[in-house]
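**Student:**
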Amino acid sequence: MIRARLTLIALMAVVIALGAGRVFDRTQFTLVAAALVPSVAALVMFGRNRWIAIAVLIASVPVAVALVVLAEGGAVPAGLYDALVAGPRRLLSTDWPSPERPDVIGAVAGFVASGTALSAGLVLSSRWHLLPLVPISALSVGVIALSAPGGPDVLLVVTLALLGAVFAVLHGPSSAGDRFRALLGERSIAPLVIVGALVAISATAVVTLTERADPRRNDPASSTEPAVDPIESTVALRNLEPARTLVTINDIKIDGVSAAGSVGAEGVPVRWRLAALDTYDGRRWSPTLTLREIGVRLNEPAEESLTATLTYESGDLELVPLPGPPIVVETRVETDDGRTVVRPVVAPRANSKITFESALAPSLATARDRRTVPAPIDEVAAGFTELAERLAGADGPILERLGRIESRLRQDWALDSGAPGAGQQLALIERFATDTQRGSSEQFVTTFVLLARALGVDARVATGFIVDPGEDANPLLLRSSDAAAWPEVHIEEIGWVAFDPVPDAETADDAEPATPPQVQTPAAPQPPIAPPTDTGDDDEVVEELLVEEASAIDLALKWVGRGALAASAVLFPLLTAMFVIIGAKLRRRRRRLSAPDPADRIRGAWAVATDGLVDAGLTISPAWTDREIAMAGAPIVPQAQRHLARLGAMSSAATFASHVERFMAETEAVAALNEFERAIKTEFTRRERLRWWMSLRSLRQASRSPVLGDV
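With the sequence shown counted from 1, adding 715 to any position gets you our numbering.
Shown next as structure tokens:
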């Protein structure tokens, strides 16, 4: 019986190990070793000294992790140390799906191996019935939580519910074969399996919280602002002499292209974005994002996608240029929540190759009937409201009004890369927009974004490459001279759509406006718009302390909530099973003691007593009489032997007594049953009585009194 229960624990652990692949968005077969090593160790140590068995089970955990780390290409003992010490922290501080690193996979293996070893150790102690399911339940909830963005795995939880139901039935002195045969006639197992499966599925839905939620973002990630180049770096890249090829894109395959305007020759995209800049402080554009390491999948598949192999021709570029939101990048990368920046963990060198799949950016043509995402008008954009209203007009949808701004800038304003004061400082942008209307392409882009924001539209600056694929676009070359910036507007249900407010060609007019009195270069610092009146250093320090204290409290509350959620997910199925089993027994007891025939009530009282003996471990042979049952049960409840014998005698005589004698015997039978149950409460501990109540043995027809029959 114990070997059969250990085998079931091993099967449940293997199912969980296979389900743990959802943490990485694809099955990791090496994790099966984390489930099998402790299970095999428990089977080998069955019947040995208890303390030696415990020591072997504890040692099986690092052995299992070491095997997984070696199979994933890691080293031992360094890789084992990383998996057990640094791996959990890295697992909790990465985006979903987790990166397929030896230390991260090893951390998951340690989680699986520890839960399996604990459950197997509890099985080796035959005194425990359902307790070994608690570590397995916690292990399954933990795996579901780590893979929460993938949603609940219904097949996994249903399989675990079935195996758990079989495990609950396999308990007692009878052989495993007899137990499995008894399942065929078990009437209570089907509803228990259904209830367990529904509870497990509900628990997974609670743990996942929201669609694609990530419950692991608890460690601060490193800021990535230095990793994303500002517009000035884009200008410097474009002005390289001589121009050089930075990236070659081969084996381009495009599926489902219908976005006219976003692609060039042979459907190859024109814009390849490196980063998006959404914060403007009056001096320069910068991103507000953090990077976290992630697995190969970054987004769900798209209807319109492009797959290709990217080759870096030099080490000058640290980011991955993509034509739209990334889907799969076959290397270790870091990215932000919005997937606007993708950076390889290992800096690319010359001839480094990356295979990727990316969605195609939506075009303006597909967004005509959509609405833009609103955004609050900040202090900088508010200064452009009057100009935006004048250029956009007062009539029409917001996209049409943005189109008017785009046309006015392209047709009526002058592009001059050598214009004086072509920096990004607010004073220069205001002079460009209201006075000269002659400037660099980056000033056109900045002005358009500020005008769009002045109308309450979410807009940003994108940097990357704008290419002309020409006749032969496969392979596609991204050259330093193609470096550019362009504005993007956020459209509901579609994403970020590019606009093009920059004129096609430089102005042919040689006349230049007078040099402004204060020429600022792009690198020059911008003076503050208004001098500060009061620094308020003391107030700022107090405010910072209050913010830090509030953040610590919020973090503590968040962890308390998560702990309570995990505990409820583990305890709720167990409590539900307890209520179902105890409720079924109480209902049966009440039905027997309230039967219309006094003889049936007497025999019902005897059946209640024999059910307690069966739950305590007594196996009743179909050939036994009531007297033999009472004699066999006497050693189990020594203090209640007399009451047990009386109940057995009254049950045997109930069929042959008169009606009056039956009535008197019924009263005596109920009194004897009460004395029998009172003796059990006095003689046995609360934990032992709870084990009796939770036992499923008495719920099977084959375990009932032969005198009782089917009553």
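We treat Cβ as the ideally placed atom computed from N, Cα and C, and that holds for glycine.
Just so it is clear, the structure is predicted and the values come from calculations on it, not from any experiment.
Could you spell out the range, first to last residue, of the beta strand (DSSP E) harbouring Ile964?
**Tutor:** Residues 960–970.
**Student:** Does Ser1410 come out as helix, strand or coil in the three-state DSSP assignment?
**Tutor:** Coil.
**Student:** Express the C-alpha separation of Arg986 and Ala1142 in angstroms, rounding to a whole number.
**Tutor:** Each residue's alpha carbon lies about 30 Å from the other.
**Student:** Within this structure, are the beta carbons of Val1056 and Ala990 separated by less than 7 Å?
**Tutor:** Yes, these two residues count as a Cβ contact at 7 Å.
**Student:** Do you know how far the Cα of Arg1083 is from the Cα of Ala1169?
**Tutor:** Their backbone Cα atoms lie some 20 Å apart in a straight line.
**Student:** How long is the line joining the alpha carbons of Asn764 and Ser834, rounded to whole angstroms?
**Tutor:** Using only the alpha carbons, I get a separation of about 18 Å.
**Student:** Here's the rule I'm using: 16 or more other beta-carbon atoms within 10 Å means buried, otherwise exposed. How should Leu1396 be labelled?
**Tutor:** For the record, residue 1396 in the displayed sequence is Lys; it is not Leu. Flag for Lys1396 reads exposed.
**Student:** From the DSSP output, which residues share a beta bridge with Gly1154?
**Tutor:** In DSSP, Gly1154 forms a bridge with Leu1130.
**Student:** Which one of Val1352, Val791, Glu1390, Leu1333 has the shortest CA to CA distance from Ala1410?
**Tutor:** The amino acid at residue 1410 is misidentified as Ala; the sequence shows Ser. That would be Leu1333, whose Cα lies nearest to the Cα of Ser1410.
**Student:** What does the alpha-carbon distance come out to for the pair Met1365 and Pro1311?
**Tutor:** The straight-line gap from Cα to Cα measures roughly 17 Å.
**Student:** Do you know offhand how far Arg1318's Cα is from Trp766's?
**Tutor:** Straight-line Cα distance between these residues: approximately 47 Å.
**Student:** If Val827 sits next to Ile731, beta carbons under 8 Å apart, how far is it from one beta carbon to the other, in whole angstroms?
**Tutor:** 6 Å between Cβ atoms; contact.
**Student:** Apply the 10 Å Cβ neighbour rule to Glu1094 and answer buried if 16 or more other Cβ atoms are within range, or exposed otherwise.
**Tutor:** So Glu1094 counts as exposed.
**Student:** Strictly under 7 Å for the Cβ-Cβ distance: is Ser1336 near chain B by that measure?
**Tutor:** Structure shown: chain B not included; a single protein chain is present.
**Student:** When DSSP builds the beta bridges, which residues end up paired with Trp987?
**Tutor:** Paired residue(s): Phe1180.
**Student:** Kindly indicate which three-state DSSP category Ala1174 falls into: helix, strand or coil?
**Tutor:** It is a strand residue.
**Student:** Would you list the residues sitting across from Ala1213 in a DSSP beta bridge?
**Tutor:** Note: Ala1213 sits in a beta bridge opposite Glu1203.
**Student:** How is the beta strand (DSSP E) around Ile1069 delimited, first residue to last?
**Tutor:** Note, Ile1069: beta strand (DSSP E), 1068–1074.
**Student:** Would you call Pro1112 buried or exposed, if buried means 16 or more other Cβ atoms sit within 10 Å of its Cβ?
**Tutor:** With fewer than 16 other Cβ atoms within 10 Å, it is exposed.
**Student:** Just the Cα atoms here: how many angstroms apart are Arg718 and Ala756?
**Tutor:** Spanning the two alpha carbons is a distance of roughly 12 Å.
**Student:** Note down the Cα distance separating Leu1388 from Gly1363, rounded to an integer number of angstroms.
**Tutor:** When rounded, the distance between both Cα atoms is 11 Å.
**Student:** So, under 8 Å CB-CB, Val747 and Val729 are touching, yes? Tell me the CB distance rounded to an integer number of Å.
**Tutor:** Yes, they are in contact, since the Cβ atoms of Val747 and Val729 sit about 6 Å apart, within 8 Å.
**Student:** Suppose contacts are defined by Cβ-Cβ distances below 7 Å. Is Asp1031 in contact with Ala1090 by that definition?
**Tutor:** Contact: no.
**Student:** To the nearest angstrom, how far is it from the Cα of Arg1357 to the Cα of Leu846?
**Tutor:** One C-alpha to the other measures close to 34 Å.
**Student:** Grab the span of the alpha helix (DSSP H) containing Thr1024 for me, first residue to last.
**Tutor:** That residue, Thr1024, is in no alpha helix (DSSP H); its beta strand (DSSP E) goes 1020–1027.
**Student:** Name the residue from Val1043, Ala1096, Leu955 whose alpha carbon lies nearest to the alpha carbon of Asp996.
**Tutor:** Checking every option, the nearest Cα to that of Asp996 belongs to Ala1096.
**Student:** Are the CB atoms of Leu1021 and Ile1069 within a distance shorter than 7 Å?
**Tutor:** No, these two residues do not count as a Cβ contact at 7 Å.
**Student:** Pick out whichever of Gly734, Val1043, Val780, Ala1198 has its Cα sitting closest to the Cα of Ala1177.
**Tutor:** Out of Gly734, Val1043, Val780, Ala1198, Ala1198 has the C-alpha closest to the C-alpha of Ala1177.
**Student:** Could you please give the first and the last residue of the uninterrupted beta strand (DSSP E) stretch that includes Pro1059?
**Tutor:** Pro1059 -> beta strand (DSSP E) spans 1057–1059.
**Student:** Roughly how many whole angstroms lie between the Cα atoms of Ala1314 and Ala880?
**Tutor:** C-alpha separation (whole angstroms): 36 Å.
**Student:** Under the rule that 16 or more other beta-carbon atoms within 10 Å means buried, what is Val869, buried or exposed?
**Tutor:** Exposed, since its Cβ has fewer than 16 Cβ neighbours within 10 Å.
**Student:** Leu806 to Val1011, Cα distance in whole Å?
**Tutor:** For Leu806 and Val1011, the distance between alpha carbons rounds to 15 Å.
**Student:** At what residues does the beta strand (DSSP E) containing Glu1049 begin and finish?
**Tutor:** Looking at the DSSP string, the run of the beta strand (DSSP E) that includes Glu1049 is 1048–1050.
**Student:** Taking the CB atoms as reference points, tell me whether Ala1103 and Leu1191 lie closer together than 7 Å.
**Tutor:** Contact: no.
**Student:** Give the DSSP-derived three-state secondary structure of Arg804 in the structure shown.
**Tutor:** In this structure, Arg804 counts as helix in the three-state DSSP scheme.
**Student:** Give me the Cα-Cα distance between Trp1339 and Ile851, rounded to the nearest whole angstrom.
**Tutor:** Cα to Cα, the separation comes out at about 40 Å.
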